[in-house]
Amino acid sequence: MNKSKWNQEPHLYEELKKYSCKNFYPFHMPGHKRQLSVGPAVHFPNPYALDITEIEGFDNLHHAEGIIRDSMEWAASVYGADKTYYLVNGSSSGILSAVSSIAGKSGAILMSRNCHKAVYHGVFLNQMKSRYVYPQFMGEYGVQCGLSPCKIEKMLKRFQDISAVFVVSPTYDGIVSDIGAIGKICHTHGIPLIVDEAHGAHFRYSDVFPVSALDLGADVVIQSVHKTLPCFTQSAILHIRSGYVDRERIERFLQIYQSSSPSYILMAGIEQGIRWMEGDGRERMKEFSRELVTIRQELKGMRHLRLLGKNVVGTRDIYDLDISKIIVSVRGTNISGVHLCEKLRLKYGLELEMCTEDYVTAITTVMDTKEGLRRLRDGLMEIDAGLVGNEDDDAGQGSGDCEKRWELELEQVMTVYEAWEGEKEQAVLEECEGKISGEFVYLYPPGIPVVVPGERITKKVLEEILQYRRLGLPVQGLKDRKNRIMEVVRNG
Ligand SMILES: Cc1ncc(COP(=O)(O)O)c(C=O)c1O
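Its first residue numbered 1044, the sequence shown is counted upward by one per residue in the working numbering.
Laid out in structure tokens, this is it:
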């Protein structure tokens, strides 16, 4: 370790302060978009003034029987849940708790393969078997699509050891699956449906958005209020509908996976965020959704870049689309997603949520201003005007093979636990074809594993990881931070 480094002043705080004064506009989380003059922030005092611990009269999240219980009961009544819990460790803590609640060590879970890494962590911690249902893939955009209720039903008939189904809907890209149909199938088999609706806490506030999984029969629904509502980072909620889940087991695991000093600022922030949405936020939501629809309509006029639109609904198991996610495909153009993000940042001062090789994602929320949305539209339209189509694609970036790993099911040789905890050896990444992975590989964001421990590495998936590395995309999960070496199962 370089000793002189420690003589420097740390500067995280200073950098955040400096950044907050710049004119960058956030098309990323958190959903409050750092708006101070509108929304719950207006009356929120300096957070230091509210920061307490479990003192007399202020209840305890882990044993709620007073002011916090009342607040969570109110939230349940707003969302129409039988029970709602405030989460201070993000949706991740709700996901871990829900997964842990459903099975002992010998249980199996049927999950969509495009789940967030937190679901895999739950599988790992509980030494569970995971069975996967793969979403379809949309080559033109490079995004994963919906989940087939039929495939889920077939899996449930084939494997009798499945004790719950876990799906992500909407996906990071706003793709919604047919939760009503999937829920019915689960219930016919006497098991619960758990839905990661981390990106859907806003659904109930406008009919331009899809219907929430909670209203469609899901048994546990987990939502990151910090992603799409005006709430602080890390705040989330977990809803339960009684009947198929063991509430007490979920509560037990919420205590295990969450801090024993839950932040009152985060909890009060959840309450204030929801209260505002139920009050003044409704009017603002109407204005926002009108503006969003208009902007999207205008973006359809782009000649080269393509906006993922509602026309995909009804295809490839896509049941609905959350239009607040602005997904712009660069396929067939002479720019990659990474470069598009860079241009938007450097020339237009717009910071997006995510860029991949094939597309970029802008998260919009009720807290976006008309000015901000128009800046995004203008930036995209201007960049689009200077692009050329596929025929002139000299760099070859962004066009790529339409067939991708999501159409390929990786062979599961071992459970996540067996592979991640078992004996491993190191291999140069380029030489890993045919080996069994001992580590996760994912891009962050979105945190969906490309390879899961226990899966056999194919040529295609390896090529894809190497391509991510070449493009400088945020490949994570490997112990080797330089992404050159992979841990694989010894003699696998
Ligand atoms: C689909 C999905 N589920 C779960 C999570 C985890 O949510 P949190 O960051 O609130 O823990 C994320 C995070 O980005 C996500 O994208």
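Virtual Cβ for every residue (Gly too), placed ideally from N, Cα, C. The model shown is predicted, which means the values in this text are computed figures rather than measured ones.
Residue i CB to nearest heavy atom of ligand 2 below 8 Å
i, result
"residue 1358", "Absence of ligand 2 is noted for the structure shown, with ligand 1 being the only ligands found."
Where residue i falls, given that 16 or more other Cβ within 10 Å makes a residue buried
i, result
"residue 1434", "With a pLDDT of only 46 at residue 1434, under 50, the local geometry of the prediction cannot be trusted, and no value is derived from it."
"residue 1502", "exposed"
"residue 1169", "buried"
"residue 1444", "Summary for residue 1444: the model assigns pLDDT 43, below 50, so the residue's position carries little reliability, and this model does not support an answer."
"residue 1302", "exposed"
"residue 1193", "exposed"
"residue 1058", "exposed"
"residue 1266", "buried"
"residue 1463", "buried"
"residue 1358", "exposed"
"residue 1523", "exposed"
"residue 1083", "buried"
"residue 1284", "buried"
"residue 1065", "exposed"
"residue 1078", "buried"
"residue 1221", "buried"
"residue 1207", "buried"
"residue 1437", "Its pLDDT being 39, under 50, residue 1437 is placed unreliably in this model, and the value from its coordinates should be taken loosely. It counts as exposed."
"residue 1137", "buried"
"residue 1100", "exposed"
"residue 1589", "Residue coverage of the chain in this structure runs from 1044 to 1535, which leaves residue 1589 outside it and unanswerable."
"residue 1253", "buried"
"residue 1240", "buried"
"residue 1144", "buried"
Enclosing beta strand (DSSP E) for residue i [first to last residue]
i, result
"residue 1239", "1236 to 1239"
"residue 1454", "Per DSSP, residue 1454 belongs to no beta strand (DSSP E) and is neither H nor E."
"residue 1207", "1205 to 1211"
"residue 1168", "Taken as a continuous stretch (DSSP letters only), residue 1168 belongs to no beta strand (DSSP E), being part of the alpha helix (DSSP H) at 1160 to 1168."
"residue 1282", "1279 to 1283"
"residue 1470", "1467 to 1471"
"residue 1110", "Premise fails: residue 1110 lies in the alpha helix (DSSP H), 1110 to 1122, not in any beta strand (DSSP E)."
"residue 1532", "1528 to 1532"
Within 9 Å, strictly: CB atoms of residue i and residue j
i, j, result
"residue 1141", "residue 1087", "no"
"residue 1533", "residue 1476", "no"
"residue 1242", "residue 1217", "yes"
"residue 1383", "residue 1426", "yes"
"residue 1238", "residue 1268", "no"
"residue 1458", "residue 1166", "yes"
"residue 1306", "residue 1277", "yes"
"residue 1530", "residue 1499", "no"
"residue 1360", "residue 1188", "yes"
"residue 1342", "residue 1424", "yes"
"residue 1115", "residue 1127", "yes"
"residue 1214", "residue 1186", "yes"
"residue 1479", "residue 1497", "yes"
"residue 1171", "residue 1195", "no"
"residue 1322", "residue 1273", "no"
Span of the alpha helix (DSSP H) around residue i
i, result
"residue 1340", "1323 to 1342"
"residue 1420", "1413 to 1428"
"residue 1014", "Residue 1014 lies beyond the residue range present for the chain, which begins at 1044 and ends at 1535; the question has no answer from this structure."
"residue 1077", "Element bounds for residue 1077: n/a, residue is neither H nor E."
"residue 1391", "1380 to 1391"
"residue 1493", "Here residue 1493 belongs to no alpha helix (DSSP H); instead the beta strand (DSSP E) covers 1492 to 1494."
"residue 1290", "1290 to 1300"
"residue 1459", "1459 to 1464"
Option nearest residue i by Cα separation, candidates the options
i, options, result
"residue 1068", "1488, 1389, 1505 and 1478", "1389"
"residue 1482", "1201, 1340, 1345 and 1521", "1521"
"residue 1294", "1154, 1106 and 1508", "1106"
"residue 1394", "1345, 1419, 1413 and 1470", "1419"
"residue 1362", "1082, 1118, 1179 and 1150", "1179"
"residue 1122", "1345, 1379, 1089 and 1317", "1317"
"residue 1505", "1403, 1493 and 1422", "1493"
"residue 1314", "1290, 1275, 1291 and 1139", "1275"
"residue 1404", "1345, 1417, 1380 and 1286", "1380"
"residue 1225", "1202, 1245, 1259 and 1247", "1259"
"residue 1431", "1125, 1261 and 1345", "1345"
"residue 1150", "1173, 1135 and 1164", "1173"
Cβ of residue i within 9 Å of any chain B Cβ
i, result
"residue 1514", "Here chain B cannot be found, since the structure has a single protein chain."
- Task: Evaluate the contact criterion for the region 1221 to 1235 versus the region 1388 to 1407: three or more CB pairs, one atom per stretch, below 8 Å.
- Result: As far as the Cβ criterion goes, the region 1221 to 1235 does not touch the region 1388 to 1407, which means the pair count is below three.
- Item | Inter-stretch contact (C-beta, 8 Å, three-pair minimum) for the region 1129 to 1136 and the region 1302 to 1313 | Taking 8 Å as the limit for Cβ pairs, the verdict is that the region 1302 to 1313 does touch the region 1129 to 1136.
- Message: I'd like to know if the region 1057 to 1075 and the region 1400 to 1415 are in contact, where contact means that at least 3 CB-CB pairs between them fall below 8 Å.
- Response: Yes, they touch.
- Okay, do the region 1337 to 1352 and the region 1370 to 1380 touch, 3+ Cβ pairs below 8 Å being the bar? Contact holds: three or more Cβ-Cβ distances are below 8 Å.
- Is the region 1147 to 1167 touching the region 1489 to 1498 in the sense that three or more CB pairs, one from each, lie closer than 8 Å? Contact check between the region 1489 to 1498 and the region 1147 to 1167: three or more CB pairs, one atom from each, fall below 8 Å, which counts as touching.
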